[in-house]
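Dropping the structure here:
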C-alpha cells in the first residue's frame, strides 16, 4: 500500500550499512604501485630531503640519456621514505641515517644501503660581524644545546674566541639562543649522533634520533626554518646542512676534529672524513662518518643512502633493472655533478666497493 | 494515481540525501577508527600511564603526550583571556553604542578577520609580532615583572605568548559574532526598563545586556576555544615547537596539532602510533568542547525567554 513505509525501515538500514562500508574505506590507507605510464617506465622513490637537490639533478640528467625512464622522487623525509619502502608503495627509498636492525627485519624483501653522496652539518650563528669564524668543539656544542652554557661570554667560549669579549663588552645581552629542528629529520639524527659521541651526558640524557626531546631552544621547520630563525634572532645558534649555509652565505663555525685540528666544512674535508673511515665501513655500508680520526676530516659529516630491495617486487615491469642501471650511472657519472651543488663526491675506492655490491644484486636477480 | 510517479522521484531524492548524509556520518566514524587503529600499538605496548606522562623523547622510546596537551590548553587559555574582553567590547559597541553606519563597517571589518588564511597569520606573526615581542614587549615584562613565573627565561620572541596572541586574533571574530547575536536577542524593552529606572548607560549595559547574556558569552568563548584547540599552521610557525612544561609565556611550547604536523614525516613504529594517540586525544577534546558548546548554545539566552 505505502511503499514509503517499507522504505522508512529499509533506508536507515541501508544508510548504516553504506556508512560503515565507506568508513572502512576511509579508515584503511590504500596502497598504490608504480607501473607503466604511456610507454614510459615510471620508477617511484621517496625519502630524505637533504640530497633532494642532487637527486633531482641526477634524475633530470638521467632522463635525458634514457627518455623511456622517468624517476619520480618525493622528498618527504627519511622516515617517510623508510615507511613507504617497508609498505612497498615505492620502488626505492632514501635516508640520511641508516635503517635500524629492527626496521630491516620488517622489510618484506631484504634491503641494501647504497651510499649516494655525502654532506656536512654546520653550526651557523647570528653575531655582529667578526674577523674570522668562531671556533667550537663538540663538547661546547653539546653543552650549549643542553643549556649548560647559556652566555656567549662563558669563559669556555672566550678561551677559544677572545673576540667575543669585545662584542659583548658594553653590557649587550649575551644570551645564547638555541635553534633546532622542529620536524623529524635525518639532519637532526646525524647531528645528535655526533653529540652522543662527543658528550656522555648528551648520550645519556638526550640520545640520538630524527625527533628528540631538545633540552632547550626553539624549533624551526626544515633547514629553511632554522635558517630564518637564526637570521632573525641576534645571539642565536643553529645547525643546518652545508648546502644551505653555502647557498645562503651564512657564517658557520670552525670545528675541532679528533686530531685537534680546526676544520672548515667543505667538500674536501667531508671527503677526507669518508676516506678516513674507509677501512671501518662494514659490508652493508651502514655506518657513521662523524668524528672520524683522520687529517683534515670535518667532524659532522655523513653519508646519505639510497635504499634498494635485494630483489624485484612481484609484478615488476622492469623498474628494478632501471634502478640498478641508474645506480651505476649515479655512482660514476653522477658523482661529477655533486661538487657544483656542494655535495662531497664519494671516495673512489668506496665507489668500487659499492659497484661490486650493485653487480651482485644483478646476479642475484 | 500520479502519487506513484511522485513517489518514485521522492524515493530517488531521499536515497540521494541518505547517501550524502551517510558520507558525513561515515567520515566521522572512519576517522575515529583510523586514529584508533593507528594509535592502538602505542596504547597496547606503552599503556595509558606512560602515554600521559610528561616525557616525550622518541630516541628513548618515551612517548608521554602531556606536554602537548599542556601546550594546547595553555595557549588556548591565554588566547581566550586576550580575545574575550576585546570581543565582548566590540559586540557591545556594535549592538548598543555605535551609530548604525559605523557599526556596519566595523562589524564587517571584524568579520573579515575570520577570512584571513591561517598561514597568513603565521607569516605576519613571524615577521611582525615576534620581533616586536622580542625587542620591546618581553624585555619590558622581564625587567619589570620578572618576579612572576610567567615572565622568566630566555627571550626568543618565538613563544607561547606569540601563539596566544595570534590565536586570540583568530578567534575574536567568532566570539564577537556570537556575542553580537546574543546581545541583539536581549529585548529592547529590558534596556528601556533599566534606563527608565534612572541608570546610566554603563549600568544599563551591565545589568540589562551583560547579565542576561552570560551563557551566550560563554557559548561564544567555547566556540572560540574549539577553533583555537585545533589550529595548526599559524601556531606551528610561531610557538617554537619544543615540548616544554614551563609556565613562562616566553618559553617555546608544542601543541597537539603542531606536534603531529612537525613530526609525522619522520615518524616510524611506536612514534607514529603515539602521534596517532595525540590525534585521537585532540579529536576527543575538540568533540567534548563541541558538545559543551551545543549544550550551552541550544539553551536560549535568559533575556530572550519572554
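Protein chains in written order, with my numbering: chain W, 1 to 365; chain B, 366 to 671.
Beta carbons are placed, not taken as given, at the ideal position from N, Cα and C, and that holds for glycine.
Keep in mind the model is a prediction, meaning the values are calculated, not measured.
- For the segment 382 to 393 of chain B, residues whose beta-carbon sits nearer than 8 Å to a beta-carbon of chain W comprise 383, 384, 386, 387, 388, 390, 391, 392.
- Residue range 40 to 47 is occupied by the beta strand (DSSP E) that includes residue 42(W).
- In this structure, the CA atom of residue 517(B) is about 18 Å from the CA atom of residue 619(B).
- Contact note: residue 517(B) does not reach chain W at a C-beta cutoff of 7 Å; the least C-beta distance is about 13 Å.
- Using a Cβ-Cβ distance cut-off of 8 Å, the segment 317 to 332 of chain W and the segment 88 to 98 of chain W are in contact, since at least three pairs of beta carbons, one from each stretch, lie closer than that value.
- Chain-order list of chain W residues neighbouring residue 627(B): 181, 182, 183, 184, 211, 219, 221, by C-beta distance under 9 Å.
- Sequence-distant Cβ neighbours of residue 609(B) in its own chain, meaning closer than 8 Å and more than five residues away, are 432, 436, 616, 617, 618, 619.
- Scanning 603(B), 415(B), 571(B), 447(B) for the CA closest to the CA of residue 499(B) turns up 603(B).
- Within the model, the alpha-carbon separation for residue 50(W) versus residue 96(W) is close to 8 Å.
- Collapsing the DSSP output to three states places residue 646(B) in a helix.
- With contacts defined by Cβ atoms closer than 8 Å, residue 125(W) and residue 230(W) form a contacting pair.
- Under the 8 Å Cβ criterion, the segment 631 to 649 of chain B counts as touching the segment 405 to 413 of chain B, having at least three qualifying pairs.
- Secondary structure within the segment 261 to 292 of chain W: the alpha helix (DSSP H) runs of 4 or more consecutive residues, fully enclosed, are 267 to 277 (chain order).
- DSSP places residue 596(B) in no alpha helix (DSSP H); its state is neither H nor E.
- Burial is judged here by how many other beta carbons sit within 10 angstroms of a residue's own beta carbon; residue 40(W) has fewer than 16 and is exposed.
- With contacts defined by Cβ atoms closer than 8 Å, residue 284(W) and residue 66(W) do not form a contacting pair.
- Considering only beta carbons, the part of the segment 78 to 102 of chain W lying closer than 7 Å to chain B consists of 78, 79, 80, 82, 83, in chain order.
- Taking the beta carbon of residue 631(B) as reference, the chain W residues within 8 Å of it are 77, 78, 79, 80, 183, 184, 185, 186, 210, 211, listed in sequence order.
- Within chain B, the residues 422, 424, 425 have their CB atoms less than 8 Å from the CB of residue 207(W), given in chain order.
- Shortest Cα-Cα distance from residue 352(W) to any of 288(W), 327(W), 47(W) involves 327(W).
- Under the 8 Å criterion on CB atoms, residue 499(B) is classed as interfacial with respect to chain W.
- Taking each of 62(W), 136(W), 82(W) in turn and checking the Cα distance to residue 256(W), the smallest one comes out for 136(W).
- Around the beta-carbon of residue 658(B), 16 or more other beta-carbon atoms lie within 10 Å, marking it buried.
- Within the segment 95 to 155 of chain W, the runs of beta strand (DSSP E) at least 3 residues long that lie entirely inside it are, in chain order, 111 to 125.
- Among the CB atoms of chain W, one or more fall inside 8 Å of the CB of residue 606(B).
- Using a Cβ-Cβ cut-off of 8 Å, residue 617(B) counts as an interface residue toward chain W, since at least one Cβ of chain W sits closer than that to its own.
- Counting only Cβ-Cβ distances below 9 Å, residue 636(B) has contacts in chain W at 79, 184, 209, 210, 211, in chain order.
- Residue environment analysis places residue 152(W) among the buried positions, since at least 16 neighbouring C-beta atoms fall within 10 angstroms of its C-beta.
- Using a CB distance cut-off of 8 Å, residue 15(W) counts as an interface residue toward chain B.
- The beta carbons of residue 475(B) and residue 541(B) sit about 5 Å from each other, so the pair counts as a contact at 8 Å.
- Excluding the 5 residues flanking it on each side, residue 598(B) has same chain C-beta neighbours closer than 6 Å at 483, 484, 487, in chain order.
- Shortest Cα-Cα distance from residue 54(W) to any of 347(W), 340(W), 360(W) involves 340(W).
- Between residue 313(W) and the set 331(W), 268(W), 25(W), 107(W), the nearest pair of CA atoms involves 107(W).
- Against chain W, the CB of residue 559(B) has no partner CB under 8 Å away; the residue lies outside that interface.
- Uninterrupted beta strand (DSSP E) stretches at least 3 residues long and entirely within the segment 428 to 497 of chain B do not occur.
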